[in-house]
Amino acid sequence: MDQSYSFKYHKLEENHWWFIGRRDIISELVKDFRRDAETLEIGCSGGVLIEALKRHGFTRLQGIDIDEEAVKICRQKGLGDINFADAENTEFNNQQFDVLIASDVLEHIRDEERALQEWQRILKSGGKLIIFVPAFQFLWSGHDEANRHYRRYRRSGLIRTLEKNGFKTDRASYWNLSLFLPVSAARLFRKIFPGSKKTEADQLFEVNPFINKILVYVLKLENKLLSWDINLPLGVSVFAVATRL
31 MDQSYSFKYH
41 KLEENHWWFI
51 GRRDIISELV
61 KDFRRDAETL
71 EIGCSGGVLI
81 EALKRHGFTR
91 LQGIDIDEEA
101 VKICRQKGLG
111 DINFADAENT
121 EFNNQQFDVL
131 IASDVLEHIR
141 DEERALQEWQ
151 RILKSGGKLI
161 IFVPAFQFLW
171 SGHDEANRHY
181 RRYRRSGLIR
191 TLEKNGFKTD
201 RASYWNLSLF
211 LPVSAARLFR
221 KIFPGSKKTE
231 ADQLFEVNPF
241 INKILVYVLK
251 LENKLLSWDI
261 NLPLGVSVFA
271 VATRL
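The sequence shown lines up with residues 31 to 275 when you count with my numbering.
Here it is in C-alpha cells:
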C-alpha cells in the first residue's frame, strides 16, 4: 500500500462508514463463537476491529500486519499481542488458532494459495476462517492500484479457492449491495472518461459527515438482512465463513 494512502487509511478506520459496516457484520458473524477462542486478525491495521472484538467479550486476541506503522498504532493503543509478520509466513505454530479473520487481505497477496495454505496450517482442525475480499474484476480501478491489489473475486471463485486449499465453505455472500449499482456506474464512467489515478485512489476519503452517517445507516440495514442468513446476489465485496478441514 502506498505510504501516504496507508497513513490516511489508518486515520480513517474508526469513523468511516465502510469500516464501521464491516466491523458490524464481522461482529455478527462471530456472535456464536466462544469468547475464549484463540483469535488472530491477519492484517489488523490500526487495531480497530480488535478493539471491537474486545468490547464483545473476546479475551484471547492477536493481530499481525506487514505495515510497521499499523503495528506501532496498535501498540500505542495498548492492544498487546500485535506483531509485524507476513501473512504468507506467519511463524506461528501448527494448529495454534481457533479463529482467523482476514478482512481485505488476500487480494494484496500475489500467491493466494500459499497464503491460504499458511492460514490452514495455523488454524486448528474445525477452526473458522472469516475472509473479506473485493468483488468483481470489472470494478477494478485506481483504488485497487493504490492499494496494490492483484485481483478481485466472484463468490464462486472465492469458494473454489478456499476449498482447493483445505477449507469447507459454510457461508459465502456478496456484501455492500447498496452501492453496487452506483459504484458500477462510476467505474464505467471512468473507463469511458478516464480521470486522474489520484482521483480514483482518493475516492475512499471523499465523504462528508452527513453522507457518512447515511451510509452507516444503509449498511446497518443490509447487515441486518445478512444476520437473518439472507445471502446477497451482488455487492462491492464478498465474504466467506469457512471451516478448516
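Glycine residues also receive a C-beta, built at the ideal position from the N, C-alpha and C atoms.
On a predicted model such as this, the values are computed, not experimentally measured, just so you know.
Exposure of residue i, with buried meaning 16 or more beta-carbon neighbours within 10 Å
| i | result |
| --- | --- |
| N238 | exposed |
| Y180 | exposed |
| E121 | exposed |
| Q106 | exposed |
| N206 | buried |
| Q167 | exposed |
| I56 | buried |
| E68 | buried |
| V241 | The sequence as given places Ile at residue 241; Val does not occur at that position. Classification for I241: exposed. |
| P164 | buried |
| S186 | exposed |
| W258 | exposed |
| R65 | exposed |
| G110 | exposed |
| S155 | exposed |
| A176 | buried |
| I222 | exposed |
| L153 | buried |
| G108 | exposed |
| L159 | buried |
| R201 | exposed |
| R140 | exposed |
| E143 | exposed |
Residues that DSSP places opposite residue i in a beta bridge
| i | result |
| --- | --- |
| V163 | V268 |
| Y247 | BP columns for Y247 are empty, so no partner. |
| N119 | D116 |
| Y204 | L262, V268 |
| K158 | V129, T273 |
Endpoints, beta strand (DSSP E) assigned at residue i
| i | result |
| --- | --- |
| N113 | 112-114 |
Start and end residues, alpha helix (DSSP H) containing residue i
| i | result |
| --- | --- |
| F219 | 210-222 |
| I103 | 98-106 |
Beta carbon proximity, residue i to chain C, threshold 8 Å
| i | result |
| --- | --- |
| L91 | Considering every chain present, this structure includes no chain C. It has just one protein chain. |
Practice task
Flag this pair as touching only if the region 36-53 and the region 241-255 have three or more C-beta atom pairs under 8 Å; answer yes or no.
Solution key: A contact exists between the region 36-53 and the region 241-255.
Exercise for the section: Taking only runs that begin and end inside the region 164-202, name each unbroken alpha helix (DSSP H) of 4 or more residues, in chain order. Expected result: Taking only runs of at least 4 residues, the alpha helix (DSSP H) segments lying wholly in the region 164-202 are 172-176, 185-194.
Problem - In chain order, each alpha helix (DSSP H) run of at least 4 residues that lies wholly inside the region 42-93 - result: List check, alpha helix (DSSP H) in window: 47-59, 78-85.
Exercise for the section: Please determine if the region 106-120 and the region 86-96 are in contact, where contact requires at least 3 C-beta pairs separated by less than 8 Å. Expected result: Yes, since at least three Cβ pairs between the region 106-120 and the region 86-96 fall closer than 8 Å, the two stretches touch.
Practice task
Please specify which runs of the beta strand (DSSP E), each continuous and at least 3 residues long, are wholly inside the region 118-153, giving them in chain order.
Solution key: Segments of the beta strand (DSSP E) lying fully in the region 118-153: 127-133.
Handout entry: the region 124-138 / the region 241-250 touching (three or more Cβ pairs under 8 Å)
Key = Judged by Cβ distances under 8 Å, the region 124-138 makes no contact with the region 241-250, as fewer than three pairs qualify.
Problem - Stretch-stretch touch, CB-based, cutoff 8 Å, three pairs: the region 204-219 with the region 186-193 - result: The region 186-193 and the region 204-219 do not touch, with fewer than three beta-carbon pairs separated by less than 8 Å.
Exercise for the section: Assess, as a yes-or-no matter, whether the region 75-93 is touched by the region 141-156 under the definition of 3 or more beta carbon pairs within less than 8 Å. Expected result: At 8 Å Cβ cutoff, the stretches do not touch.
Exercise for the section: State whether the region 158-178 contacts the region 264-273, with contact taken as three or more CB pairs (one from each stretch) at a distance under 8 Å. Expected result: Counting Cβ pairs under 8 Å, three or more are found: they touch.
Exercise for the section: May I ask you to verify whether the region 64-81 touches the region 130-146, counting CB pairs closer than 8 Å and requiring at least 3? Expected result: Counting Cβ pairs under 8 Å, three or more are found: they touch.
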